[in-house]
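**Q**
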Amino acid sequence: MNSLNLHSTTDRWASHCEAEPRTRTRSSTYLVDVSLKMRRGEWNLQSDDLLDDPEYGVKRGPLARVPYANQFAPRTQWIALGSLVVLLLLFLLIIITSVARTHTNDNGTYKNVIFMISDGYGPASQVMARVTNAVETTPNYDPSHPTIKTNPLPLDEYLVGTARTYSSDSWVTDSAAGATAYSCALKTYNNAIGVDENKQPCGNLFEAGRSKGMATGIVVTSSFSHATPASFSSHSIHRDAEDFIASQQMKAGLDVMFGGGSRYWNERKDGRDLFEEAKKDPYSYTVTSNLSEWEQVNRVPVLSLFTRGQMSYDIDRDAKVEPSLSEMVSKAIHLLSNKPNNRGFMLLIEGSRIDHAGHSNDAPSHYRDIMAYQEAVKTVMEFAKKDGNTIVVSVSDHETGGLTLGQVKYYEWKPELLLQAKASSYIIASKMREKNETRSIFKQYYNMDLTDAEEFKINSTFSMTLDDTIIQVGHVFSDRARLGWTTLAHTGVDVNLYAYGPNTEKLRGNLENIEVGKFVESTLGLNLENETKRLKSNDVDPVPRK
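Shown next, in the form of structure tokens:
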């Protein structure tokens with residue numbers, strides 16, 4: 022009997038004797054006195070203390086031998102035994118829970134990481150999307166009284182800091198160096214895919230994760246061999262070698278590959294059909310070629326590229342042909358989290374075409390792809406909060422376009438005009454050139470009438486490239502909306518950093534972009550240095566050596 026049970030037993034008997042004096046014996050009176058002393062703190066009695074008091078007829082020996090108390094021994098022993106069993110079961114439950122959590126929580130153990138990259142998405146774009154979304158969701162919005170309450174976008178809740186984006190050879194990074202900073206946790210030169218400044222392969226997070234038995238997947242709206250996904254799944258001294266990159270991706274061991282860019286897999290200069298190769302051993306991919314086939318997939322590994330080149334802007338997307346970013350993300354999470362013998366997973370998600378709309382200075386397409394990305398964030402967060410062991414990081418590789426909300430001398434901008442657009446400037450410009458018609462097409466897709474000067478600006482590009490017409494259409498629209506663009510390329514501004522999950526407070530403040538990659542490495546207990554050593558002999562030059 023332990024001290025706790027002894028106290029409770031004597032207390033119960035003391036109370037009984039005080040209420041019923043006739044039941045007392047000399048021995049029980051002694052027990053009552055002992056209990057009262059223990060209550061007052063005068064005697065800290067332990068279960069193995071010896072009692073010896075002739076006045077009460079108690080002989081020297083353990084308290085368990087006190088005559089009257091012994092009448093209660095069977096009952097108290099069963100109570101004590103039951104309490105002990107319950108305590109042991111609770112202790113075992115705590116141990117089992119702790120062991121289980123060691124596979125998902127502490128440094129060096131298994132955990133899910135969802136790494137989201139909003140390509141070309143700067144701070145001004147977040148504000149533009151928030152305000153435009155507020156206008157879109159406000160019934161009977163009155164442009165003559167433009168300012169209204171704006172609600173947070175899904176990302177807003179998780180803002181923790183900002184990231185510096187420059188590369189090793191320029192204050193303005195490109196997507197290749199920007200993505201490699203995250204995947205390999207090091208600065209490198211523009212155009213570099215998974216290689217360092219010396220053009221040597223660097224181990225990336227996905228390779229290190231697979232070495233620990235984690236499942237891996239990539240979901241993008243660009244060509245799958247484009248700079249960002251390539252930097253997490255291949256190594257090349259130049260980003261433009263997409264045939265070379267795709268051949269590496271097939272062998273990379275990814276469990277999920279969703280995106281566009283099929284032409285780099287089956288319309289190659291070397292004549293290889295990587296889709297057919299991927300179906301065979303040792304890869305054994307389920308390869309789908311359309312949406313209906315993709316919807317039936319229920320196992321990994323799976324390879325699904327929905328378009329020859331980039332997937333469509335969300336504003337142009339045919340839902341019967343291409344899934345949304347959020348739909349692809351939902352399926353990827355389901356497949357990865359249910360992979361047999363799953364020891365955690367890493368998923369890369371890129372809102373790729375946010376960047377492309379920025380390059381074209383196409384504000385409506387920029388907005389629609391931002392909102393598609395926000396929907397993907399909602400999907401990710403629903404899983405992460407329910408799962409409880411998933412870290413989410415969302416960050417951009419750089420800003421694109423130099424977007425400003427307000428233009429020249431005007432103290433205004435007009436978000437409502439973005440909601441009138443029915444297609445991307447790419448679709449609109451293509452139709453204008455195809456039909457040699459400007460005014461009616463601009464009216465059809467933007468619900469605005471062109472001035473003579475605006476029509477002249479667009480028509481003057483018909484003798485130039487399609488890109489020139491696309492950009493001019495975007496500028497005419499942006500001038501109307503009072504939106505400014507400073508460049509057709511990237512800018513060097515810091516980008517917002519968002520995070521959710523254990524230890525993400527380490528990402529607070531203004532960080533180098535490489536610190537984000539290092540955070541994932543340390544949180545998962547990965548070893549990029551070991552992966553780099555393993556890759557030392559890998560060929561990273563797409564040009565065959567003579």
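Every number in my numbering is 21 more than the matching position in the sequence shown, counting from 1.
Every residue gets a Cβ at the ideal spot worked out from N, C-alpha and C, and that includes glycine.
Taking DSSP as the reference, what is the three-state secondary structure of residue 169?
**A** Numbered from its first residue, the sequence shown carries residue 169 at position 148. Looking at residue 169 - three-state DSSP - the assignment turns out to be coil, as it is neither helix nor strand.
**Q** Check whether the region 240-259 touches the region 199-206, taking contact to mean three or more Cβ pairs, one atom from each stretch, closer than 8 angstroms.
**A** With a cut-off of 8 angstroms, the region 199-206 and the region 240-259 count as touching, because enough Cβ pairs lie within range.
**Q** Okay, do the region 345-356 and the region 413-429 touch, 3+ Cβ pairs below 8 angstroms being the bar?
**A** With a cut-off of 8 angstroms, the region 413-429 and the region 345-356 do not count as touching, because too few Cβ pairs lie within range.
**Q** So which of 320, 375 and 221 has the shortest CA-CA distance to residue 205?
**A** Here residue 205 is taken as the residue at index 184 of the sequence shown, counted from 1. Considering only alpha carbons, the answer is 221.
**Q** Give the secondary structure of residue 314 by DSSP, where H, G and I count as helix, E and B as strand, and everything else as coil.
**A** Here the question's residue 314 lines up with position 293 in the sequence shown. DSSP places residue 314 in helix when its eight states are reduced to three.
**Q** Could you compute how far the alpha carbon of residue 288 sits from the alpha carbon of residue 260?
**A** Within the sequence shown, the letter at position 267 stands for residue 288. Within the sequence shown, the letter at position 239 stands for residue 260. If you take the alpha carbons of residue 288 and residue 260, they lie about 18 angstroms apart.
**Q** Quick check: what's the CA-CA separation for residue 453 versus residue 555?
**A** Looking up residue 453 in the sequence shown gives position 432. Looking up residue 555 in the sequence shown gives position 534. Answer to the nearest angstrom: the Cα atoms are 53 angstroms apart.
**Q** DSSP state of residue 185, grouped into three classes?
**A** Locating residue 185 in the sequence shown gives position 164, counting from the first residue. Residue state, collapsed to three classes: strand.
**Q** If you run the structure through DSSP and keep just helix, strand and coil, what is residue 551?
**A** Residue numbering aside, residue 551 sits at position 530 when the sequence shown is read from its first letter. Reduced to three states, the DSSP call for residue 551 is helix.
**Q** If we count the other Cβ atoms within 10 Å of its Cβ and call it buried at 16 or more, is residue 164 buried or exposed?
**A** Counted from its first residue, the sequence shown places residue 164 at position 143. Answer is exposed; the Cβ neighbour count stays below 16.
**Q** Given this structure, state the Cα-to-Cα distance separating residue 359 from residue 401, to the nearest angstrom.
**A** Taking the sequence shown and counting its residues from 1, one reaches residue 359 at position 338. Taking the sequence shown and counting its residues from 1, one reaches residue 401 at position 380. Using only the alpha carbons, I get a separation of about 16 angstroms.
**Q** Near residue 171, which residues of its chain fall below 6 angstroms by C-beta distance, leaving aside the five closest residues on each side in sequence?
**A** The residue given as residue 171 occupies position 150 in the sequence shown. Closer than 6 angstroms at the Cβ level, and outside the excluded window around residue 171, lie 151, 152 and 155.
**Q** Per DSSP, what are the beta-bridge partners of residue 278 in this structure?
**A** By one-based count along the sequence shown, residue 278 stands at place 257. Note: residue 278 sits in a beta bridge opposite 239 and 324.
**Q** Can you give me the Cβ contacts of residue 134 inside the same chain, cut-off strictly under 6 angstroms, excluding the 5 residues immediately before and after it?
**A** Along the sequence shown, one-based indexing puts residue 134 at 113. Excluding sequence neighbours, residue 134 sits near 367, 412 and 541.
**Q** Pair every Cβ in the region 491-509 with every Cβ in the region 435-449, then say whether three or more of these pairs are closer than 8 angstroms.
**A** Touching, yes.
**Q** Out of 233, 226 and 234, which one is the CA nearest neighbour of residue 252?
**A** Along the sequence shown, one-based indexing puts residue 252 at 231. It is 226.
**Q** Report the residue from 285, 210 and 351 whose alpha carbon sits nearest the alpha carbon of residue 240.
**A** Sequence index remark: in the sequence shown, residue 240 carries index 219 (1-based). With distances taken between Cα atoms, residue 240 lies closest to 351.
**Q** The alpha helix (DSSP H) with residue 271 in it runs from where to where?
**A** Numbered from its first residue, the sequence shown carries residue 271 at position 250. First-last of the alpha helix (DSSP H) with residue 271: 263-271.
**Q** From the DSSP output, in three-state form, read off residue 57 for me.
**A** As a working note, residue 57 is residue 36 in the sequence shown. With a pLDDT of 45 at residue 57, under the threshold of 50, the modelled position of this residue cannot be trusted; read the value that follows with caution. Helix at residue 57.
**Q** So for residue 528, helix, strand or coil by DSSP?
**A** Locating residue 528 in the sequence shown gives position 507, counting from the first residue. Three-state DSSP puts residue 528 in a helix.
**Q** Opposite residue 286 in the DSSP bridges: which residues?
**A** Residue numbering aside, residue 286 sits at position 265 when the sequence shown is read from its first letter. The partner list for residue 286 (beta bridge, DSSP) is empty, contrary to what the question assumes.
**Q** Taking the alpha-carbon positions, what's the residue 176 to residue 169 distance?
**A** Within the sequence shown, the letter at position 155 stands for residue 176. Within the sequence shown, the letter at position 148 stands for residue 169. If you take the alpha carbons of residue 176 and residue 169, they lie about 20 angstroms apart.
**Q** Compute the Euclidean distance between the alpha carbons of residue 339 and residue 322, then round it to the nearest angstrom.
**A** Within the sequence shown, residue 339 is the residue found at index 318, counting from 1. Within the sequence shown, residue 322 is the residue found at index 301, counting from 1. Computed Cα separation, rounded: 26 angstroms.
**Q** For residue 533, which of helix, strand or coil comes out of DSSP?
**A** Within the sequence shown, the letter at position 512 stands for residue 533. Here residue 533 sits in strand by DSSP.
**Q** Less than 8 angstroms between the C-beta atoms of residue 257 and residue 215, yes or no?
**A** Translated into positions along the sequence shown, residue 257 becomes position 236. Translated into positions along the sequence shown, residue 215 becomes position 194. Yes.
**Q** Rounded to the nearest angstrom, how far is the Cβ of residue 537 from that of residue 184, given a contact under 8 angstroms?
**A** Your numbering for residue 537 matches position 516 in the sequence shown. Your numbering for residue 184 matches position 163 in the sequence shown. Correct: roughly 6 angstroms between the Cβ atoms.
**Q** Do the region 428-443 and the region 502-517 touch if we need at least three Cβ pairs shorter than 8 angstroms?
**A** Flag = yes, the region 428-443 and the region 502-517 touch.
**Q** How long is the line joining the alpha carbons of residue 233 and residue 467, rounded to whole angstroms?
**A** In the sequence shown, counting from the first residue as 1, residue 233 sits at position 212. In the sequence shown, counting from the first residue as 1, residue 467 sits at position 446. Approximately 52 angstroms between the Cα atoms of the pair.
**Q** In terms of alpha-carbon separation, which member of 387, 371 and 242 lies closest to residue 326?
**A** For the purposes of this step, residue 326 is identified with residue 305 of the sequence shown, where counting begins at 1. The shortest Cα separation from residue 326 among 387, 371 and 242 belongs to 242.
**Q** Could you say which of 524, 281, 383 and 521 lies nearest to residue 492 if we only look at CA atoms?
**A** In the sequence shown, the residue the question calls residue 492 occupies position 471. Out of 524, 281, 383 and 521, 383 has the C-alpha closest to the C-alpha of residue 492.
**Q** Do you know whose CA, among 138, 147, 162 and 132, lies nearest residue 438's CA?
**A** Position 417 of the sequence shown, counted from the first residue, corresponds to residue 438. When only C-alpha atoms are compared, the closest one is 162.
**Q** Using the rule of at least 16 other Cβ atoms within 10 Å of the residue's Cβ for burial, across every protein chain shown, is residue 510 buried or exposed?
**A** By 1-based counting over the sequence shown, the position of residue 510 is 489. That one is exposed.
**Q** Identify, in the order they occur along the chain, each residue of the same chain with its Cβ nearer than 6 angstroms to the Cβ of residue 389, setting aside the five sequence neighbours on each side.
**A** Position 368 of the sequence shown, counting from 1, holds the residue named residue 389. Correct list, in chain order: 335 and 336.
**Q** Do residue 387 and residue 370 have their beta-carbon atoms positioned less than 8 angstroms apart in this structure?
**A** Sequence index remark: in the sequence shown, residue 370 carries index 349 (1-based). Sequence index remark: in the sequence shown, residue 387 carries index 366 (1-based). No, the Cβ-Cβ distance between residue 370 and residue 387 is not below 8 angstroms.
**Q** Assuming residue 230 and residue 277 make a contact with CB atoms under 8 angstroms, what is their CB distance in whole Å?
**A** Residue 230 sits at position 209 when you count from the first residue of the sequence shown. Residue 277 sits at position 256 when you count from the first residue of the sequence shown. Not confirmed; about 13 angstroms, so no contact.
**Q** With distance defined between alpha-carbon atoms, name the residue in 191, 228, 224 and 455 nearest to residue 211.
**A** Here the question's residue 211 lines up with position 190 in the sequence shown. The option with the nearest alpha carbon to residue 211 is 191.
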